[in-house]
Amino acid sequence: MSGLVRSVWHEPRPPDAPRRVWRDWALVVVLVPLAVLEGVLRPDLPWRVFSVVVTAGLTPALLWRRTRPLEALAVCFVTTSLVPVALHGAMLDMYSLAYLLILPYALVRWGSGREIVIGLAVMLAGAGLSVLVEHAAPADAIGPFAVVLSTTTLGGAFRYRSRARARELDQVKLLEREQLARELHDTVAHHVSAMAIRAQAGLATAAARPDAATDALRVIEAEAARALDEMRAMVRVLRRDEPADLTPGRHIADIEGLAAPGGPDHPSVGVEISGDLGGLSPSVEAAVYRIAQEAVTNALRHARHATRVAVHVTGDGPSVCLRVSDDGDGGSARPAGPAGYGIVGMAERADLLGGTCVAGPDPGRGWTVTAVLPRNGVAT
Numbered sequence: 009m010s011g012l013v014r015s016v017w018h019e020p021r022p023p024d025a026p027r028r029v030w031r032d033w034a035l036v037v038v039l040v041p042l043a044v045l046e047g048v049l050r051p052d053l054p055w056r057v058f059s060v061v062v063t064a065g066l067t068p069a070l071l072w073r074r075t076r077p078l079e080a081l082a083v084c085f086v087t088t089s090l091v092p093v094a095l096h097g098a099m100l101d102m103y104s105l106a107y108l109l110i111l112p113y114a115l116v117r118w119g120s121g122r123e124i125v126i127g128l129a130v131m132l133a134g135a136g137l138s139v140l141v142e143h144a145a146p147a148d149a150i151g152p153f154a155v156v157l158s159t160t161t162l163g164g165a166f167r168y169r170s171r172a173r174a175r176e177l178d179q180v181k182l183l184e185r186e187q188l189a190r191e192l193h194d195t196v197a198h199h200v201s202a203m204a205i206r207a208q209a210g211l212a213t214a215a216a217r218p219d220a221a222t223d224a225l226r227v228i229e230a231e232a233a234r235a236l237d238e239m240r241a242m243v244r245v246l247r248r249d250e251p252a253d254l255t256p257g258r259h260i261a262d263i264e265g266l267a268a269p270g271g272p273d274h275p276s277v278g279v280e281i282s283g284d285l286g287g288l289s290p291s292v293e294a295a296v297y298r299i300a301q302e303a304v305t306n307a308l309r310h311a312r313h314a315t316r317v318a319v320h321v322t323g324d325g326p327s328v329c330l331r332v333s334d335d336g337d338g339g340s341a342r343p344a345g346p347a348g349y350g351i352v353g354m355a356e357r358a359d360l361l362g363g364t365c366v367a368g369p370d371p372g373r374g375w376t377v378t379a380v381l382p383r384n385g386v387a388t
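Residues 9 to 388 (our numbering) are what the sequence shown spells out, left to right.
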């Protein structure tokens, strides 16, 4: 039990907590008039003016529920718990105070473990004080405790779900790193093999043809430079020591294999390759193929009522551009969920090579994936 408490106590805050947006301000703007309206429409409300002022005055705490969840909760719950003491047992009987249930949820969803423990202690102490002052029966206190427990449980569920999704996204990115590292490894192995063969040829002909040995050394020097560049890229990509996928590397020409005729239940896939695509780094060729393959797969799987999928690969100056688009219903090719793992993998692969990859719906119909990669595949 003590170990569980310590683990919760040292739990960090979830990363990237949303900042205040217009909806937060709109919530406060709506709640304040509601509190005033309730005070006007309830003539039997005790301490009417005081209750309305307190209820409306606490609403700005909602603006800090994500960035400072413990402070926001403590201010509101301590205030509402001390009011019965100040009013000699009179309670804040405002229906508008239901917005306070947002704060326990926000505390568990966005707070650190230390803040959660302290916040729960504050809520329990405040609830216990209110029960003692009001002389409420134990049965009457079960309802409020159950409601607060439900909101905190909901916050914990969303926190766990977000963390699980973050782990899944990290796993997708890691798999892309493994695949790219394997392809870079194959490239380095190719260069080393070429150096070994040229060295053997140079040694065999050195006595009879000294010029051939010199030419072999020049080739070895060039291959060694390329191997070192690819090795540096692989080291930057391999940030974790994990088992690699042994799938062989792919080339730009392999994209033509994605072409397929249309049918009654699936769209046609057309491939067009143009421009100067010579001298591309093998890692870039493999990345362009993998991104095209994933984009076509997503289109075939998710594009409703699509008749065609177009794949365009163009070499232009220092970069190569890939564009995969379909004519399905607008936005229909988006994978299910807040953000598809396939899109995350494509973006991660492009980013590792110093490029970009974006995906989104077209203005009318369809969905487009666009990737731009540098020719030399400089890993970041």
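Backbone N, C-alpha and C fix where the C-beta goes; we use that ideal spot for every residue, glycine too.
None of these values were measured; they are calculated from a predicted model.
- Boundaries of the alpha helix (DSSP H) harbouring Leu35: 30 to 49, taken from the DSSP string.
- The count of Cβ pairs closer than 8 Å, one atom from the region 80 to 92 and one from the region 27 to 43, stays below three, leaving the stretches out of contact.
- Here Tyr297 is buried, its C-beta having at least 16 other C-beta atoms within 10 Å.
- Between the region 267 to 281 and the region 355 to 373, the count of C-beta pairs closer than 8 Å stays below three; the two stretches do not touch.
- Counting the other Cβ atoms within 10 Å of the Cβ of Ser104 gives 16 or more, which makes it buried.
- For the 9 Å CB-CB criterion, Gly283 and Asp324 form a contact.
- In the three-state reduction of the DSSP assignment, Glu280 falls in the strand class.
- Counting the other CB atoms within 10 Å of its CB gives Thr315 a total below 16, which places it among the exposed residues.
- By the Cβ neighbour-count rule, Asp24 is exposed, with fewer than 16 other Cβ atoms within 10 Å of its own.
- Boundaries of the alpha helix (DSSP H) around Arg309: 290 to 310.
- In this structure, DSSP gives Trp375 an extended state, which the three-state scheme calls strand.
- The alpha-carbon separation between Val61 and Ile124 amounts to approximately 28 Å.
- Rounded to whole angstroms, the gap between the alpha carbons of Ala114 and Glu176 is 24 Å.
- Just so you know, the alpha carbons of Thr364 and Pro22 end up roughly 27 Å apart.
- Classified as exposed, Pro20 has fewer than 16 neighbouring CB atoms from the shown chains inside 10 Å of its CB.
- With a threshold of 16 other beta carbon atoms within 10 Å, Trp30 falls short and is exposed.
- Beta-bridge partners of Val380 (DSSP): Cys329, Thr364.
- Approximately 5 Å separates the beta-carbon atoms of Pro382 and Gly362; this is inside 8 Å, confirming the contact.
- In the DSSP annotation of this structure, the continuous segment of the beta strand (DSSP E) that includes Thr322 starts and ends at 316 to 324.
- Secondary structure at Ala267: coil, using DSSP grouped into helix, strand and coil.
- Listed in chain order, the non-local C-beta contacts of Ala355 below 7 Å within the same chain comprise Cys365, local neighbours out to five positions each way being set aside.
- Counting other Cβ atoms within 10 Å of its Cβ, Arg169 stays below 16 and is therefore classed as exposed.
- DSSP places Gly65 inside the alpha helix (DSSP H), whose first and last residues are 56 to 66.
- Comparing alpha-carbon positions, the option among Asp335, Leu330, Leu360 lying closest to Ala379 turns out to be Leu330.
- Per DSSP, the continuous alpha helix (DSSP H) segment holding Tyr113 begins and ends at 110 to 118.
- Within the same chain, Cβ atoms closer than 8 Å to the Cβ of Val156 are found at Leu109, Pro112, Met131, Ala135, the five residues on either side in sequence being excluded.
- DSSP links Pro369 through a beta bridge to Trp375.
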